[in-house]
Every structure is written in structure tokens, then in C-alpha cells.
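So the protein lines, in turn, are chains A and B.
The first sequence begins at 2 in our numbering and counts up by one.
The second sequence begins at 64 in our numbering and counts up by one.
Just below is one structure, and these are the notes that go with it.
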Amino acid sequence: MLDLLRQLLLGGIGTLSFGILFGIPRKCYLACAATGAVGWVTYELAVMLGIGAVTANLLAAIPLTLLARIFAITLKAPVTVFLLTGIFPLVPGAGIYYTAYYFIQNDNLQMAASAADTVKIAAALAIGISVVLGLPFPRPKKAGPPSTGKN
Amino acid sequence: MAEERNRIYPDGEERRRIMDFIMAAGQTLLENGAEVFRAEQTMQIMANSLHLREFHVYVLTNGLFASAGTAEISEVRNVPDRTIHLGRVAAVNELSRQLAAGRVNLEEAEQQLVAARRIPFPGLAVQILSGAGGAAAFAMMFGGSVLEALAAAVAGAVVNLYLWLCSRLPALFQKLTGAALITLVCILVCGVLGANVSHAVIGALMILTPGVAFTMSIRDFVKGDYLSGTIRLIDAVLVAACLACGTGLVLRAYTLLTGVTVA
């Protein structure tokens, strides 16, 4: 439990740091940190329960994208802002690096293994994100100009 | 002229101006890390709001093609350099909302777009600090201890300073040398602290790794945009290869010089 709390904090700090490097608007700082932290904790929790890394990523992408969509509506910012920063802890940045590293080290077995993992994780994330983004979402009730269809 | 403005459908020069504006908006989105379909969608919405008839647009990761009317106006824009600045993406998005709501006219929209394109990147001190914070957090998320996080933070700060100093150099060269620099700093700091090099290196390398680009490319594939996905995929693979060469070079040199294998 304590470990999860620590991971929550780490995920938030990591996401926020990279969010700032990506130049996100100031009003989105907390929301981005929350999105990233929730995604990362979901992943950690799933791994703790003995679920494989690929499925864990797929599971983590769901609350992450939902949260990103909710923030996009409440803060009136494009979903990209929260999504791109929020998935930062989950994306297989290390995996793709290790693949290239084993490749230049001539370690073909390790390379194939990490390449397969990288592709599977990225595909799981992409599918998770696409599914949740494709879900119909109730429009905010507030009367106003018609939605532009972007959220 | 005033009469023309009052008509719903713009004509002649006005149409050309609207087209220029929409292309500039799309270019801004693409240059600053928005997805291909978002740029497409936003441009379409802007064209609808400004009553530009028969507007068609095709967007790739590195270029925009659009025509209006029976192709009497058509424009192509090349977008070779792309960074991520989500503040600008958010600003253009806000602009498109305001246009759709009819709260701004073309003149104001053009000014707002120029302002959005000029939103600065965070200052050097902020970049160094957030680089250090991010690297430390990721070193610990990958299972490192506080010592390794410290080494990663130093490397993250150094590499962000380095990236800021040589922002004019080609992107791939920046990645290669940046990765080499990270490895070097991590080896040195970890040597002093007695920490594990590999956790520190991967934590700091997260600043440069193309994980987001890779995932977004798969997302383009899932959306059915195979060409944009391929462009992004090759981009990501090239960057990863550069990173690996950078770190590999330093690790090999270190082994040759000292006879000790690290990481």
C-alpha cells in the first residue's frame, strides 16, 4: 500500500516534469500529473496482482484515457495535452532503447525479445487509448455554443 | 469590400486569406506535436466556421495538403521540423472553439494565431529543473534507489542544459551526443556515489527516448493512417538507434580505458 502511494507520487512527478518540458499550459499542470499518476498506479497495481506487462498496459490505458477526456472537457483543452503527457510513464521508451542497444551490441536474442515486448506494449496502449477515445461520451449539460466535436 | 464581408460565403481575396489562415493553423498544430487527425479535424472545423466552401484537407506527419472550391485555391505546406509544445496546440484548439462559436472574426483570429505561435518554451532554469525531476522520478520508477535517482537527476539537468545550448544542431546528432553525455555523467556520478549505473542511465535517457512517438505511430496505424504511422515509426526507430549508439560508444570506451564493464 505504501509502495503504491510512493509510485503514485513518482508517477505524478515524472509526468509533470515531462509535461513542463512539453510546454503544457499552466492550468493543466495538476490535471496532467493526476492523469499520469493514475495510469502508472493502475499499471503497478496490475503487475502486483500478477498480470502480465502487456495486459497491465492495456488496463492502465483505460482509466488514463477516461481521465484525460474528463479533464479535457472540464478544463477546455484538447485531449492531446493530457494524453501525451499522461502516457509518458507507460510508453515503452526504455524498451525501444534497449532494442536498439542490443541491436548494436549484436545480441540478437535479447533484441528480438525486447523488440517484441516494445511492440506489444505500444500496441496495447494504442488500442486501449483508441477504444476509450471512441466511446460515446455524454456531452456536458451546460447550454452554450454547439460542441465543435473535439474533446 | 464591406458588402462582401457581410455575405455569408466569402469570395476572392477573402477566401485566399481564410485559406492561408487555416493552413497556418494546421501547420502550427503539426509542428507542435498534435496528432494528424486532430490537425485535419481542426482545419475542417475552422473552414466550416469561416464558411469556406468545398474545403478538403489531407494531412501527413510532415506535410499538409488542402484545397478549397473546385481546387481554384490549393496549398501545400511542408513541416519538416516537429517538436512538442502542447501549450501552442491548446491555444490553437481554443481559437478553433472561439471561431466555431462566432466570438472572433478573421482579423482577431489571425492575431491570436500569431500569438499562439509565439508562446515561448519554458525558461532554461525551469527546463533544467524539470529535466532533473523527471529523470530522478523515472530512475526510481524503474526500480532505482535514491542514490541512482540523484545521479539521474544530475544527468537530466546536464543534458537539458546541453540540448538548450545546441538547439540549432540536427535533431539526430543532438540525440546521439545527448545520450553519450548522459552515460558519461551517470558513470562519473555513480562512481562517486557508488550507485548502479544502468538505472540512472535509463532514467535520464527517458528525456530523449521516442516512446511517445512510437506509441502515437501505432495509434496512427490503429486509426488506419498507415502512411503517417510509418513516418513516425521510422522516426522513432532512428532516434532509438542514435541513443543506443551514443550510450554504446561511451560504455565501450569506458570498458576499453578502465577494463571495467558497467551496465
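No residue lacks a Cβ here, since even glycine has one placed at the ideal position from N, Cα and C.
Note that the structure is a prediction, hence the values are computed from the model and not measured.
Contact of B/R282 with chain A is assigned, a C-beta pair being separated by under 9 Å.
Between B/P185 and B/G194, the alpha-carbon positions lie close to 12 Å from each other.
The beta-carbon distance between B/G207 and B/L149, rounded to whole angstroms, is 28 Å. This is too long to meet the 8 Å contact definition. At least one CB of chain B lies nearer than 9 Å to the CB of A/P90. For the segment 91 to 124 of chain A, residues whose beta-carbon sits nearer than 9 Å to a beta-carbon of chain B comprise L91, V92, P93, G94, A95, G96, I97, Y98, Y99, T100, A101, Y102, Y103, F104, I105, Q106, T119, V120, I122, A123, A124.
Contact between B/G241 and B/L271 holds: CB atoms are separated by about 5 Å, below the 8 Å threshold. Among the CB atoms of chain B, none fall inside 9 Å of the CB of A/G40. Within chain B, no C-beta atom comes less than 8 Å from the C-beta of A/A47; the nearest is roughly 15 Å away. When 9 Å is used as the limit between beta carbons, A/G12 is near these residues of chain B: A200, M204, in chain order.
Contact between A/L85 and A/F23 holds, since their C-beta atoms are separated by about 7 Å, short of 8 Å.
Per DSSP, the continuous beta strand (DSSP E) segment holding B/V122 begins and ends at 119 to 123.
Residue environment: B/D74 is assigned as exposed (fewer than 16 neighbouring CB atoms within 10 Å of its CB, all protein chains considered). Bounds of the beta strand (DSSP E) holding B/R140 are 136 to 141.
Taking 4 residues as the minimum length, the alpha helix (DSSP H) runs contained wholly in the segment 172 to 227 of chain B are 187 to 204, in order along the chain. Neighbours of A/T81 in chain B, taken as residues whose beta carbon is under 7 Å from its own, are A97, E98, R101, L149, V152 in chain order. Around the beta-carbon of B/E76, fewer than 16 other beta-carbon atoms lie within 10 Å, marking it exposed. Collapsing the DSSP output to three states places B/L115 in coil. Per the DSSP secondary-structure output, B/G126 pairs in a beta bridge with B/L123, B/N141. Around the beta-carbon of B/P183, fewer than 16 other beta-carbon atoms lie within 10 Å, marking it exposed. Chain order gives no chain A residues near B/M106, where near means a beta carbon separation below 9 Å; the closest approach is about 12 Å. Among the residues facing chain B, A/G15 is included, as its CB has a counterpart in that chain under 9 Å away. With three or more CB-CB distances shorter than 8 Å, the segment 270 to 287 of chain B counts as touching the segment 91 to 106 of chain B. Interface with chain A (9 Å Cβ-Cβ cutoff): B/S230 is excluded.
Taken atom to atom, the span from the alpha-carbon of B/S137 to that of B/A110 is near 13 Å. Contacts with chain B (Cβ-Cβ distance below 8 Å) from the segment 18 to 32 of chain A involve S18, F19, G20, I21, L22, F23, G24, I25, P26, C29, listed in chain order. The alpha carbon of B/E103 has as its nearest neighbour, out of B/L127, B/M204, B/R80, B/R140, the alpha carbon of B/L127. If you draw a straight line from the Cα of A/G15 to the Cα of B/A200, it is about 5 Å long. No residue range can be given for A/L136, since it is assigned to no alpha helix (DSSP H) and is classified by DSSP as neither H nor E.
Of all residues in the segment 259 to 281 of chain B, those with a C-beta nearer than 7 Å to a C-beta of chain A are I265, L268, M269, T272, P273, G274, V275, F277, T278, I281, reading in chain order. The closest CA to that of B/I297, considering only B/A307, B/L319, B/P273, B/L314, is found on B/P273. Residue-level contact check: B/P185 touches chain A, since one or more beta carbons of chain A fall below 9 Å from its beta carbon.
With respect to chain B, the C-beta atom of A/L65 has no partner C-beta closer than 9 Å.
Rounded to whole angstroms, B/L320 and B/A198 show a C-alpha spacing of 27 Å. With respect to A/A125, A/A62 sits close: the two C-beta atoms are nearer than 9 Å.
Counting only runs of 3+ residues, no beta strand (DSSP E) is found wholly inside the segment 35 to 85 of chain A.
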